[in-house]
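Participant: In this text, residue positions in the sequence shown follow our numbering: the first is 7, and each later residue adds one.
Here's a structure for you.
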Amino acid sequence: MSAHPPTRPAASGEATASPASPEATASTASPEPAKPAEAAEPARPAEPAEAAEVRRFWQALGLPGLVDVHTHFMPERVLRKVWAYFDALGPLTGGVEWPITYRREEAERVALLRAFGVRAFTAMLYPHKPGMARWLNDWAAGFARRTPDCLHTSTLFPEPGAAAYVREAVGQGTRVFKAHVQVGAYDPSDEALDACWGLLAEAGVPVVVHCGSGPAPGKHTGPGPVARVLARHPRLRLVVAHMGMPEYEDFLDLAERYREVRLDTTMAFTGFSERMAPFPRRALPRLAALGDRVLLGTDFPNIPYPYAHQLDALAGLGLGDDWLRAVCHDNAARLFALPDTPEPAA
């Protein structure tokens, strides 16, 4: 379907180094004062062939569109610093060449997702130091107000006052939180976050967490720290980003143990990731059995291949159309209580 054919999962025991995550580079960006939105130029329409290719995928499955739980929107100057870091092949990229496929203005990126038929998406953003989270949350709330198909996204950091701004975000109707253990270099089981996890568990607000050890292991990455969080908050709706790459099977263990743990597909199974962190074939039956708790994620716009390749890679697993329908739409639509709507307009 795309210029990059899907790669079937390689046998376990192959290379375990993980590709760099586009998320990781946010540690290079510092918070800046929010500025009024400037009048945007008319969005460039999606390339018709590319949009049609993505739409054919979900239309063939009889879906009303896609729900992508792992897309990145953040203050423009912050995002441009992220892109500059990739261009420079910084240490967190693992030295891997990473061309940004969708390096466009914000309005164009939103228009492109809509042209693809993405019914709902997120604004995954995250702090790398104290004092950033509230500022990022303010920006994300404004983005959600002007972008109704974006699920209102918030973030957090272990710092004084974290519980207060988490409570405030929940009160404002945030739909999903983002936590980045690797970039933030913090222990998710830190006492400063305990009240936050409790608030989110009680409110039923999902948290997408980058907690796997790719692209490079950190002091608090891997399944152990989040397992401690789940032991204290078993009802927390934790979504493991990137399928927990490269510790796939350890995070499958957590999903099997805790009913509210889910996994997102971001960059997993693609040819790009399979070369460095292959998903073990022996785990495919477990992935199939967890089909109601796997969610489509892509890392748009910071991906080094076309959007359609993530969809191709999922289809290439051979787990069937029912599994694809659940992963690409139904699971997230149910999690976020999306209304039944007609097919999105091109």
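All C-beta atoms in this analysis are idealised placements derived from N, C-alpha and C, irrespective of residue type, glycine included.
Being a predicted model, the structure only gives us computed values, none of them experimental.
On a CA-only basis, which of ALA113, ARG115, ARG110, ALA90 is nearest GLU103? Give me that one, please.
Facilitator: Taking the first residue of the sequence shown as position 1, residue 103 is located at position 97. For the residues ALA113, ARG115, ARG110, ALA90, the minimum Cα distance to GLU103 belongs to ALA90.
Participant: When the Cβ atoms of the stretch 273-285 are set against those of the stretch 235-242, are three or more pairs found closer than 8 Å?
Facilitator: No: the two stretches stay apart, fewer than three of their Cβ pairs being nearer than 8 Å.
Participant: According to DSSP, is VAL333 part of a helix, a strand, or is it coil?
Facilitator: As a working note, residue 333 is residue 327 in the sequence shown. The answer is helix: DSSP assigns VAL333 an H, G or I state.
Participant: For ASN378, I'd like the list of residues in its chain whose CB is within less than 7 Å of its CB, leaving aside the five on either flank, ordered along the chain.
Facilitator: The structure shown has nothing for residue 378, since the chain only spans 7 to 352.
Participant: So what does DSSP say about ASP200, is it helix, strand or coil?
Facilitator: Position 194 of the sequence shown holds residue 200. Residue state, collapsed to three classes: helix.
Participant: Okay, do the stretch 142-154 and the stretch 120-132 touch, 3+ Cβ pairs below 8 Å being the bar?
Facilitator: Short answer: they touch.
Participant: Rounded to a whole number of angstroms, what is the C-alpha to C-alpha distance between GLY167 and ARG181?
Facilitator: Numbered from its first residue, the sequence shown carries residue 167 at position 161. Numbered from its first residue, the sequence shown carries residue 181 at position 175. Cα-Cα distance, rounded: 20 Å.
Participant: Excluding the five sequence neighbours on either side, which residues of its own chain have a C-beta within less than 6 Å of the C-beta of THR77, listed in chain order?
Facilitator: For the purposes of this step, residue 77 is identified with residue 71 of the sequence shown, where counting begins at 1. For THR77, where only same-chain residues beyond five positions count, the Cβ hits under 6 Å are PHE127, THR128, PHE306.
Participant: Note down, in chain order, each residue of its chain lying with its Cβ closer than 6 Å to the Cβ of ALA175, except the 5 sequence neighbours on either side.
Facilitator: Residue mapping note: residue 175 aligns to position 169 of the sequence shown, counting from 1. Closer than 6 Å at Cβ, skipping near neighbours: ASN143, SER160.
Participant: Please say whether LEU258 and LEU290 have beta carbons closer to each other than 8 Å?
Facilitator: Your numbering for residue 290 matches position 284 in the sequence shown. Your numbering for residue 258 matches position 252 in the sequence shown. No.
Participant: Would you tell me roughly how many angstroms separate the C-alpha atoms of GLU47 and ALA113, rounded to the nearest one?
Facilitator: Residue mapping note: residue 47 aligns to position 41 of the sequence shown, counting from 1. Residue mapping note: residue 113 aligns to position 107 of the sequence shown, counting from 1. The predicted model places GLU47 with a pLDDT of 39, which falls under 50 and marks its position as unreliable; any figure quoted below should be read in that light. Distance between the alpha carbons of GLU47 and ALA113: 8 Å.
Participant: Helix or strand or just coil, what does DSSP make of LEU258?
Facilitator: If you number the sequence shown from 1, residue 258 lands on position 252. Residue state, collapsed to three classes: helix.
Participant: Mind checking who ASP270 pairs with in its DSSP beta bridge?
Facilitator: On the sequence shown, position 264 is the one that residue 270 refers to. Note: ASP270 sits in a beta bridge opposite LEU301.
Participant: Please classify GLN178: is it buried, with 16 or more other beta-carbons within 10 angstroms of its beta-carbon, or exposed?
Facilitator: Taking the sequence shown and counting its residues from 1, one reaches residue 178 at position 172. Label assigned to GLN178: exposed.
Participant: For ALA185, write down the residues that DSSP places opposite it in a beta bridge.
Facilitator: Counting from 1 along the sequence shown, the entry for residue 185 is found at position 179. The partner list for ALA185 (beta bridge, DSSP) reads VAL215.
Participant: Terminal residues of the continuous alpha helix (DSSP H) containing ALA139?
Facilitator: Stepping through the sequence shown from its first residue, residue 139 is reached at position 133. Taken as a continuous stretch (DSSP letters only), the alpha helix (DSSP H) holding ALA139 covers 139-152.
Participant: Below 8 Å between beta carbons: does that hold for ARG125 and GLY71?
Facilitator: Start at 1 with the first residue of the sequence shown, and residue 125 comes out as number 119. Start at 1 with the first residue of the sequence shown, and residue 71 comes out as number 65. Contact flag set, yes.
Participant: According to DSSP, is ALA126 part of a helix, a strand, or is it coil?
Facilitator: Locating residue 126 in the sequence shown gives position 120, counting from the first residue. The answer is strand: DSSP assigns ALA126 an E or B state.
Participant: Just reading off the beta strand (DSSP E) that VAL246 is part of, what are its end residues?
Facilitator: Taking the sequence shown and counting its residues from 1, the one referred to as residue 246 is at position 240. That run of the beta strand (DSSP E) goes 244-246.
Participant: Buried or exposed, going by whether 16 or more other CB atoms sit within 10 Å of the CB of ALA274?
Facilitator: Locating residue 274 in the sequence shown gives position 268, counting from the first residue. By the neighbour-count rule (16 or more Cβ atoms within 10 Å), ALA274 is buried.
Participant: For the candidate residues ASP74, ARG62, ALA66, whose alpha-carbon lies nearest to that of LEU344?
Facilitator: Your numbering for residue 344 matches position 338 in the sequence shown. Comparing Cα positions, the closest option is ASP74.
Participant: May I ask you to list the residues that DSSP assigns as paired with VAL73?
Facilitator: For the purposes of this step, residue 73 is taken as residue 67 along the sequence shown, with counting starting at 1. DSSP output for VAL73 lists ALA126 as bridge partner(s).
Participant: Please determine, among THR304, ASP328, ARG268, the residue with the shortest C-alpha to C-alpha distance to LEU341.
Facilitator: Taking the sequence shown and counting its residues from 1, the one referred to as residue 341 is at position 335. Nearest option by C-alpha distance: ARG268.
Participant: Give the secondary structure of SER195 by DSSP, where H, G and I count as helix, E and B as strand, and everything else as coil.
Facilitator: Numbered from 1 along the sequence shown, position 189 holds the residue referred to as residue 195. The answer is coil: DSSP assigns SER195 none of H, G, I, E or B.
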